[in-house]
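Please read the structure below before turning to the comments.
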Amino acid sequence: MTDKRTDSADEAPLVKRDPDAAAETGANVIARHAKLAPPGPGVYRMFDADGLVLYVGKARHLKKRVQSYARGTGHNNRIARMIADTAAMEFVTTKTEMEALLLEANLIKRLKPRYNVVLRDDKSFPFILISRNHAVPQILKHRGARNRKGDYFGPFASAGAVGRTINTLQRAFLLRSCSDGYYEARTRPCLLYQIKRCSAPCTGEISEDAYGALVEEAMGFLRGESDEVKHRLRALMEAASESQDYERAAGIRDRLTALSHIQSHQNINPHTVKDADVFAAHQEAGQTCIQVFFFRAGNNWGNRAYFPRADKALPAEDVLEAFIAQFYDDKPAPRHILLSHEIAGQRLLADALELKAGHKVEVLTPQRSERRELVEHVRVNAQEALGRRLAEHASQRAIYTRVAELLDLDEPPERVEVYDNSHISGTNPVGAMIVAGPEGFQ
0 MTDKRTDSAD EAPLVKRDPD AAAETGANVI ARHAKLAPPG PGVYRMFDAD
50 GLVLYVGKAR HLKKRVQSYA RGTGHNNRIA RMIADTAAME FVTTKTEMEA
100 LLLEANLIKR LKPRYNVVLR DDKSFPFILI SRNHAVPQIL KHRGARNRKG
150 DYFGPFASAG AVGRTINTLQ RAFLLRSCSD GYYEARTRPC LLYQIKRCSA
200 PCTGEISEDA YGALVEEAMG FLRGESDEVK HRLRALMEAA SESQDYERAA
250 GIRDRLTALS HIQSHQNINP HTVKDADVFA AHQEAGQTCI QVFFFRAGNN
300 WGNRAYFPRA DKALPAEDVL EAFIAQFYDD KPAPRHILLS HEIAGQRLLA
350 DALELKAGHK VEVLTPQRSE RRELVEHVRV NAQEALGRRL AEHASQRAIY
400 TRVAELLDLD EPPERVEVYD NSHISGTNPV GAMIVAGPEG FQ
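Per numbering that gives the first Met the number 0, numbering of the sequence shown is gapless, rising by one per residue and ending at 441.
Shown next as structure tokens:
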């Protein structure tokens, strides 16, 4: 089956092997499709006899790439197995190789083919949003599509990191976090005003102009203008003190303390990295960990460890390259991406991410200076995260081995399902299921 569409590919249909070609080898199937493959850039998909997607790949020249699979020799074990399992192929042409790379990443993420590196645990990242759909802006946590009017800051590594930052920003800038409906219904200040977490614009305790100035200060801090913001606050504190307005001076002092609290809890703040994501890979015992640190406007917004599904024989740089393309499938890339390993398609990846983000993107593998030290710091975190994961898996395997002994099983279980059902006097029934496997809870 050969499809030379130029539009985006939908989820792959089940593709059955031709009954007349039941004895046909995978290499012969590929050779037959290679004759029909288009010559330009695009994406190809390989299917097994049951119509399931085995592999998704991109190429600058589809025909040449597919012909390379038809050779009987020169393939590693992983590729040889994939070729042997292939029963059909499908092609999608694109205008450029960059478009092919982006489409490939999207399809891998959706279809999760057996022989591709697959990004797992790809939950969306939370942002701080200062909304602009009300005369008095609100500060809140936001996750998902960025279709609400306002200014977004992030991404943050976790919802907890966003919550802690918002709490501190409320102490520093006294911004409201309540919903518009709650705001409109207030007739007197709420508890947040009493504990100095809000300036209570809802009841006129502060004018809209003065509140707008607080919003601008908060946005300046989140954009990395922390020194300028703190300098202005110190000047205001000194002026209040000189005029003997000690209560106001004490309030500004507390705001400065809150800002210092944010910065002191960011355990690494490099001076030369303002807007970047830093990726480092570590491999051990047939598994790969990719650690990501997020820096925006000179602020460290946290980190997260990923454990992509990948063939044990794939080197770290190949896993890293496939991972990054999928990572940015649904999010814009920052201006700088720092890597622990040099990847083959570094320039192509940068061009594709630029096309999607709408601004210049540099993909770099630092060899010296503070950036190299930062990448090494991230690599150590990847190594430690993988060490913890391997230890947890060893403990999990020991538990399953004991379960097999107690239940007289031939071998430890690969999947355990636990069910619980509840009801209220026979009504309102509710059922729940949890699943655990060799890698813990799913």
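No residue lacks a Cβ here, since even glycine has one placed at the ideal position from N, Cα and C.
The DSSP-derived three-state label of ASP419 is strand. Per DSSP, GLU361 is one residue of the beta strand (DSSP E) stretching across 361-363. Ranked by Cα distance from LEU385, the options ARG303, GLU98, ALA158 and GLU215 are led by ARG303.
If you draw a straight line from the Cα of ALA351 to the Cα of LEU319, it comes to about 16 angstroms. When rounded, the separation of the alpha-carbon atoms in ALA160 and ILE398 is 33 angstroms. In the three-state reduction of the DSSP assignment, HIS358 falls in the coil class, being assigned neither a helical nor a strand state.
Taking 8 angstroms as the upper bound for CB-CB distance, ALA87 and VAL28 are in contact here, some 7 angstroms apart. DSSP links GLU89 through a beta bridge to ARG44. Assignment of beta-bridge partners to MET81 by DSSP yields no partner. The Cβ atoms of ALA403 and GLU413 do not sit closer than 8 angstroms to each other.
Contact between the stretch 370-387 and the stretch 271-283 is present, with at least three C-beta pairs closer than 8 angstroms. In the DSSP assignment, ALA30 forms no beta bridge with any residue.
Among the bridge pairs identified by DSSP, GLN286 is matched with GLU283. Taking every protein chain shown into account, the CB of SER178 has fewer than 16 other CB atoms within 10 angstroms, so this residue is exposed. Buried is the label assigned to GLY301, since at least 16 other Cβ atoms lie within 10 Å of its Cβ.
Classified as buried, SER339 has 16 or more neighbouring CB atoms from the shown chains inside 10 Å of its CB.
In its chain, beyond the 5 residues on either side, GLU413, ARG414 and VAL415 have a beta carbon closer than 8 angstroms to the beta carbon of GLY436. The count of Cβ pairs closer than 8 angstroms, one atom from the stretch 169-184 and one from the stretch 133-141, reaches three, so the stretches are in contact. The beta carbon of GLU341 sits closer than 7 angstroms to the beta carbons of GLU316 and THR364 from its chain, once the five residues preceding and following it are set aside; these are given in chain order. Measuring C-alpha to C-alpha distances from ASP84 to each of PHE46, TYR192, GLY344 and MET97 identifies PHE46 as the nearest.
Within the same chain, and ignoring the five residues on either side of ARG388 in sequence, no residue has its Cβ closer than 6 angstroms to its Cβ. Fully contained in the stretch 94-178 are the following alpha helix (DSSP H) runs of length 4 or more, in chain order: 96-110 and 158-172. Taking all protein chains shown into account, LYS355 has 16 or more neighbouring C-beta atoms within 10 Å of its C-beta and is therefore buried. Of the candidates PHE124, ALA134 and ALA156, PHE124 places its Cα closest to the Cα of ARG145. For GLY297, no beta strand (DSSP E) segment is defined, and its DSSP state is neither H nor E. Its Cα nearest to that of PHE326, the residue VAL291 stands out among ARG185, VAL291 and TYR418. Rounded to the nearest whole angstrom, the CA to CA distance from PHE155 to ALA33 is 45 angstroms. Taking every protein chain shown into account, the CB of MET432 has fewer than 16 other CB atoms within 10 angstroms, so this residue is exposed.
With distances taken between CA atoms, LYS63 lies nearest to LEU35 out of VAL52, ALA234, LEU35 and ARG247. DSSP places ILE336 within a strand segment (E or B) once states are collapsed to three. Per DSSP, the continuous beta strand (DSSP E) segment holding ILE433 begins and ends at 426-436. Proximity of the stretch 206-224 to the stretch 182-195 falls short of the contact definition, fewer than three beta-carbon pairs being nearer than 8 angstroms. For ALA397, the enclosing alpha helix (DSSP H) covers residues 368-405. Residue pairing from DSSP places ASN302 in a beta bridge opposite PHE292. Under a 10 Å Cβ-count criterion, ASP310 is classified as buried, with 16 or more other Cβ atoms of the shown protein chains found around its own Cβ.
When C-alpha distances from GLU227 are compared across MET236, GLU216 and GLU237, the shortest belongs to GLU216.
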